[in-house]
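A.B. asks: So the sequences go chain by chain: A and B.
Take the first sequence: its position 198, counting from 1, is numbered 198 in UniProt numbering, and each next residue is one higher.
Take the second sequence: its position 55, counting from 1, is numbered 55 in UniProt numbering, and each next residue is one higher.
Just so you know, even glycine gets a beta-carbon here, dropped at the ideal spot from N, CA and C.
Dumping the structure here so I can ask a few things about it.
Number of protein chains: 2
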Amino acid sequence: MDNPAILEQPYITITNIIWSFDRETDQLQVLLVKRASNPYADYWALPETFMRAQESADEAALRLVKEKIGLTLSNYHTEQLATFTHNDRAPGERALSLAYMTFLPEMPPLKAGYGALDAHWFTFSATEAGQFSLTYRQLHFMTATSHSQHSYYKNFKIARGRDYLAFDHDWILKVACQRIKNKLNYQPNILLVLGHDFTLKEARTVYAAFFGIPVKAIDNSNFKKTHQHLFKEVGTTTRRQIGRPAKLYKLAQIEE
Amino acid sequence: MDNPAILEQPYITITNIIWSFDRETDQLQVLLVKRASNPYADYWALPETFMRAQESADEAALRLVKEKIGLTLSNYHTEQLATFTHNDRAPGERALSLAYMTFLPEMPPLKAGYGALDAHWFTFSATEAGQFSLTYRQLHFMTATSHSQHSYYKNFKIARGRDYLAFDHDWILKVACQRIKNKLNYQPNILLVLGHDFTLKEARTVYAAFFGIPVKAIDNSNFKKTHQHLFKEVGTTTRRQIGRPAKLYKLAQIEE
DNA sequence: TTTATTAAAGTATTAATTACTTATATTAGT
DNA sequence: ACTAATATAAGTAATTAATACTTTAATAAA
Numbered sequence: 001m002d003n004p005a006i007l008e009q010p011y012i013t014i015t016n017i018i019w020s021f022d023r024e025t026d027q028l029q030v031l032l033v034k035r036a037s038n039p040y041a042d043y044w045a046l047p048e049t050f051m052r053a054q055e056s057a058d059e060a061a062l063r064l065v066k067e068k069i070g071l072t073l074s075n076y077h078t079e080q081l082a083t084f085t086h087n088d089r090a091p092g093e094r095a096l097s098l099a100y101m102t103f104l105p106e107m108p109p110l111k112a113g114y115g116a117l118d119a120h121w122f123t124f125s126a127t128e129a130g131q132f133s134l135t136y137r138q139l140h141f142m143t144a145t146s147h148s149q150h151s152y153y154k155n156f157k158i159a160r161g162r163d164y165l166a167f168d169h170d171w172i173l174k175v176a177c178q179r180i181k182n183k184l185n186y187q188p189n190i191l192l193v194l195g196h197d198f199t200l201k202e203a204r205t206v207y208a209a210f211f212g213i214p215v216k217a218i219d220n221s222n223f224k225k226t227h228q229h230l231f232k233e234v235g236t237t238t239r240r241q242i243g244r245p246a247k248l249y250k251l252a253q254i255e256e
Numbered sequence: 001m002d003n004p005a006i007l008e009q010p011y012i013t014i015t016n017i018i019w020s021f022d023r024e025t026d027q028l029q030v031l032l033v034k035r036a037s038n039p040y041a042d043y044w045a046l047p048e049t050f051m052r053a054q055e056s057a058d059e060a061a062l063r064l065v066k067e068k069i070g071l072t073l074s075n076y077h078t079e080q081l082a083t084f085t086h087n088d089r090a091p092g093e094r095a096l097s098l099a100y101m102t103f104l105p106e107m108p109p110l111k112a113g114y115g116a117l118d119a120h121w122f123t124f125s126a127t128e129a130g131q132f133s134l135t136y137r138q139l140h141f142m143t144a145t146s147h148s149q150h151s152y153y154k155n156f157k158i159a160r161g162r163d164y165l166a167f168d169h170d171w172i173l174k175v176a177c178q179r180i181k182n183k184l185n186y187q188p189n190i191l192l193v194l195g196h197d198f199t200l201k202e203a204r205t206v207y208a209a210f211f212g213i214p215v216k217a218i219d220n221s222n223f224k225k226t227h228q229h230l231f232k233e234v235g236t237t238t239r240r241q242i243g244r245p246a247k248l249y250k251l252a253q254i255e256e
């Protein structure tokens with residue numbers, strides 16, 4: 001091709017933001033692992049892996065899911081988020097990160113495995129002002145507060161404490177939250193964390209989580225009117241509960 | 001990190017879709033080059049380069065612009081599109097493509113250079129049905145017609161004639177057109193091909209090009225009402241022309 | 001059977017979009 | 001200098017969509 005001056009190829013890392021939904025607490029969850037080795041040993045981070053010769057990046061992202069939760073799940077949706085290439089994003093080495101998002105239809109138990117010291121589901125929450133955070137017991141991580149990529153990496157070189165995620169993962173998470181929020185009105189794939197079908201209230205719960213508002217702040221009747229073109233009715237819930245049974249919907253279109 | 005089983009790293013290619021606007025014909029332009037070397041020697045393709053050790057992918061994308069048009073332009077906007085990683089996208093080798101888009105504020109003359117046999121601005125056009133194509137003299141290339149990534153690559157292995165672009169560049173272009181079209185209503189960065197400021201009519205010309213409809217099909221008054229929150233008034237045009245002088249606008253927000 | 005609960009369905013108001021009309025600022029021709 | 005032609009800004013009425021709120025319906029438990 002153009003120019004043979006490839007001095008050295010950077011490492012290609014696949015980073016996957018794995019989402020699920022806890023039906024006990026009605027809260028969104030994100031999978032974080034505690035890194036075993038440098039750089040950022042002992043830091044919490046998004047699950048990562050190196051790409052292998054015979055697999056595509058999409059396949060590598062799926063492999064990450066399998067490594068952390070086992071092979072039990074049969075259907076989940078993975079989509080590309082963006083690629084992060086800033087020179088300083090990994091200390092002392094050059095590493096590209098192809099970031100993906102996976103939406104799991106349930107919240108399976110985790111195993112650290114493959115060199116990670118620990119793995120946990122962190123509870124996702126947001127403020128009305130647009131800040132996002134992940135919490136597990138006393139551990140609490142904020143996504144980046146910078147508005148632009150440029151301003152984020154400008155201050156990135158400084159040493160970061162243990163209250164930060166490894167690498168630029170706080171920025172990657174911010175980009176992910178932003179993307180999901182943007183797509184809520186035309187392609188809310190995040191709803192796949194609710195499984196194959198869902199009630200309008202469950203859908204509103206997910207929406208409310210991203211806006212940092214209570215579910216009841218979103219009117220069910222109006223929500224149906226403005227979003228029903230995205231959903232397809234597939235029956236009525238059979239789950240025994242008090243009150244009128246809710247109708248079930250699924251996403252009308254999963255494709256890009 | 002997780003696993004040392006990296007057999008071999010794939011090539012990392014930067015692909016850049018460079019857009020401009022021809023004020024003579026009021027048509028959008030895309031830069032294509034004729035490849036000098038294999039794979040796909042003699043095929044027309046999007047400009048590509050390998051990433052170098054000391055530059056970020058963003059910088060490599062900008063370098064591509066400089067190589068093709070020289071160093072004359074001072075301001076242009078580049079943004080990431082997506083990363084293409086399918087196993088079969090390059091014959092006999094493994095190559096990732098980090099795809100970018102650059103919007104040039106004018107339409108400078110081109111030089112092939114850096115191993116390309118030829119380089120030209122191709123006129124972009126679309127149909128109302130959502131098909132896109134690039135034309136230069138008797139050369140005519142369609143973007144992919146597949147609706148999904150999966151269906152595109154399913155039929156990709158078959159030998160492709162010279163009426164196709166190299167690699168999966170027809171698919172990359174399709175994704176680009178789709179992305180630009182989606183962003184017209186909230187972040188129309190494509191308007192940067194019009195330069196720092198533009199009239200509403202010029203903006204409508206660009207919109208109409210992506211919808212495959214004539215400019216006059218978009219009402220100027222209504223367009224202003226629905227889009228003025230994206231624009232900021234910066235004066236009145238000084239270009240001598242018949243009729244009432246148009247007001248000038250610029251994009252209110254360039255940032256992601 | 002009654003009450004509490006939950007969600008669906010309906011209604012009236014408000015806001016946004018669309019189609020269309022009028023007014024204004026300029027150039028070119030007489 | 002006046003008039004016609006042109007191009008765009010600005011305004012208006014009708015339609016459509018979004019929002020706030022109310023009523024109806026289906027279930028579980030007392």
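1. Which bits of chain A does I12 (chain B) rub up against, with CB to CB less than 8 Å?
2. Note down the Cα distance separating residue 308 (chain B) from L110 (chain A), rounded to an integer number of angstroms.
3. By a C-beta neighbour count over all protein chains shown, 10 Å radius and 16 as the cutoff for buried, is residue 307 (chain A) buried or exposed?
4. Can you list, in chain order, the stretches of the beta strand (DSSP E) that have 3 or more residues and sit fully within the region 131-219 of chain B?
5. Pick from B:T226, B:A246 and B:Q228: whose alpha carbon is nearest that of G235 (chain B)?
6. Pairing CB atoms from the region 156-166 of chain B with CB atoms from the region 116-130 of chain B, are three or more of them under 8 Å?
7. Over what stretch of residues does the alpha helix (DSSP H) that includes K66 (chain A) continue unbroken?
8. Using DSSP with H/G/I as helix, E/B as strand and the rest coil, what is T127 (chain A)?
9. Quick check on DSSP: helix, strand or coil for H86 (chain B)?
10. Can you tell me the Cα-Cα spacing of D22 (chain A) and R63 (chain B), whole angstroms?
11. Using alpha carbons as the reference points, say which of B:A45, B:S151, B:E233 and B:K201 lies closest to D219 (chain B).
12. Relative to the C-alpha of L31 (chain A), which residue among A:F198, A:L73 and A:A119 is closest?
13. Taking three-plus beta-carbon pairs below 8 Å as touching, is the region 138-146 of chain A in contact with the region 168-187 of chain A?
14. Excluding five sequence neighbours on each side, which residues of the same chain lie with their C-beta closer than 6 Å to the C-beta of L98 (chain B)?
15. Distance, Cα to Cα, L104 (chain B) vs K250 (chain A)?
16. When you compare each of B:W171, B:L230, B:Y76 and B:L134 to S148 (chain B) by their alpha carbons, which one comes out closest?
17. So if DSSP puts Y11 (chain A) in a beta bridge, which residue, or which two residues, is it bridged to?
18. What are the start and end residues of the beta strand (DSSP E) that includes L248 (chain A)?
19. Closer than 7 Å by beta-carbon distance: list the chain B residues that pair up with N87 (chain A), in chain order.
20. Using DSSP's beta-bridge definition, name the partner residues of I18 (chain B).
21. Quick check on this structure: which residue in B:N185, B:N182 and B:K232 has the alpha carbon closest to the alpha carbon of residue 338 (chain B)?
22. For Q228 (chain B), name the three-state secondary structure that DSSP assigns.
23. Can you check whether the C-beta of T123 (chain A) is within less than 7 Å of a C-beta belonging to chain B?
24. Going by C-alpha distance, which of B:V215, B:H169 and B:K154 is nearest E48 (chain B)?
25. What does A82 (chain B) reach in chain A if we use C-beta pairs closer than 9 Å?
26. Can you give the Cα-Cα distance for K34 (chain A) and R160 (chain A), rounded to whole angstroms?
27. Output, in chain order, the set of chain B residues within a Cβ distance shorter than 7 Å of A176 (chain A).
28. Within 7 Å of any Cβ in chain A, is that where the Cβ of M1 (chain B) sits?
29. Can you say whether Y207 (chain A) is buried or exposed, counting buried as having 16 or more other CB atoms within 10 angstroms of its CB?
30. For a contact defined as C-beta to C-beta under 7 Å, what are the partners of A144 (chain B) on chain A?
31. Report buried or exposed for A5 (chain B), applying the criterion of at least 16 other Cβ atoms within 10 angstroms of its Cβ.
32. Which residue from B:P39, B:L230, B:D88 and B:A61 puts its Cα closest to that of Y76 (chain B)?
33. Specify, as a first and last residue, the run of the beta strand (DSSP E) that E48 (chain B) falls within.
34. How about P108 (chain A) and P39 (chain A): are their beta carbons less than 7 Å apart?
35. With distances taken Cα to Cα, identify the nearest neighbour of D26 (chain A) among A:D42, A:T226 and A:F210.
C.D. replies: On the basis of the data shown:
1. Here the neighbours are Q9, P10, I12 and L96.
2. The structure shown does not extend to residue 308 (chain B), since chain B is modelled only from 1 through 256, so no value can be given for it.
3. Since the first and last residues shown for chain A are 1 and 256, residue 307 (chain A) lies out of range.
4. Fully enclosed beta strand (DSSP E) runs of 3 or longer: 132-136 and 139-142.
5. It is B:A246.
6. The region 156-166 of chain B vs the region 116-130 of chain B: no contact.
7. Where K66 (chain A) is concerned, the enclosing alpha helix (DSSP H) stretches over A57 to I69.
8. In this structure, T127 (chain A) counts as coil in the three-state DSSP scheme.
9. Three-state result, H86 (chain B): coil.
10. Cα atoms of D22 (chain A) and R63 (chain B): separation of roughly 47 Å, rounded to the nearest angstrom.
11. A check of alpha carbon separations from D219 (chain B) across B:A45, B:S151, B:E233 and B:K201 identifies B:K201 as the nearest.
12. Residue nearest to L31 (chain A) within the set A:F198, A:L73 and A:A119 is A:A119 (criterion: CA-CA distance).
13. Flag = yes, the region 138-146 of chain A and the region 168-187 of chain A touch.
14. So the list reads I14, A57 and T83, once near-sequence residues are dropped.
15. Distance between the alpha carbons of L104 (chain B) and K250 (chain A) is about 42 Å.
16. Distance from the Cα of S148 (chain B) is smallest, within the candidate group B:W171, B:L230, B:Y76 and B:L134, for B:W171.
17. The partner list for Y11 (chain A) (beta bridge, DSSP) reads A:A95.
18. Start and end: K247 to L251.
19. Result: S56.
20. Within the DSSP bridge table, the entry for I18 (chain B) names B:T102 as partners.
21. Since the first residue of chain B shown is 1 and the last is 256, residue 338 (chain B) is not available in this structure.
22. In the three-state reduction of the DSSP assignment, Q228 (chain B) falls in the helix class, which pools H, G and I.
23. For T123 (chain A), not one C-beta of chain B is nearer than 7 Å to its own C-beta.
24. Looking from the CA of E48 (chain B), the closest CA among B:V215, B:H169 and B:K154 belongs to B:H169.
25. Going along chain A in sequence order, the residues near A82 (chain B) (Cβ under 9 Å) are Q80, A82 and T83.
26. Roughly 16 Å between the two C-alpha positions.
27. Ordered by position in chain B, no residue passes the 7 Å Cβ test against A176 (chain A), which lies about 13 Å from the chain.
28. Its pLDDT being 40, under 50, M1 (chain B) is placed unreliably by the model, and the measurement read from it follows with that caveat. Under the Cβ criterion of 7 Å, M1 (chain B) is counted among the residues facing chain A.
29. A residue is called buried once 16 or more other Cβ atoms fall within 10 Å of its Cβ, and Y207 (chain A) is buried on that count.
30. At a C-beta separation below 7 Å, A144 (chain B) has no neighbours in chain A, since its nearest C-beta there lies roughly 13 Å away.
31. The pLDDT assigned to A5 (chain B) is 41, lower than 50, so where the model puts this residue is not dependable; a value taken from the coordinates is nonetheless given after this. A5 (chain B) counts as exposed, since fewer than 16 other beta carbons sit within 10 angstroms of its beta carbon.
32. Scanning B:P39, B:L230, B:D88 and B:A61 for the CA closest to the CA of Y76 (chain B) turns up B:A61.
33. For E48 (chain B), the enclosing beta strand (DSSP E) begins and ends at E48 to F50.
34. No, the pair does not count as a contact, with Cβ atoms beyond the cut-off.
35. Per the C-alpha coordinates, the member of A:D42, A:T226 and A:F210 positioned closest to D26 (chain A) is A:F210.
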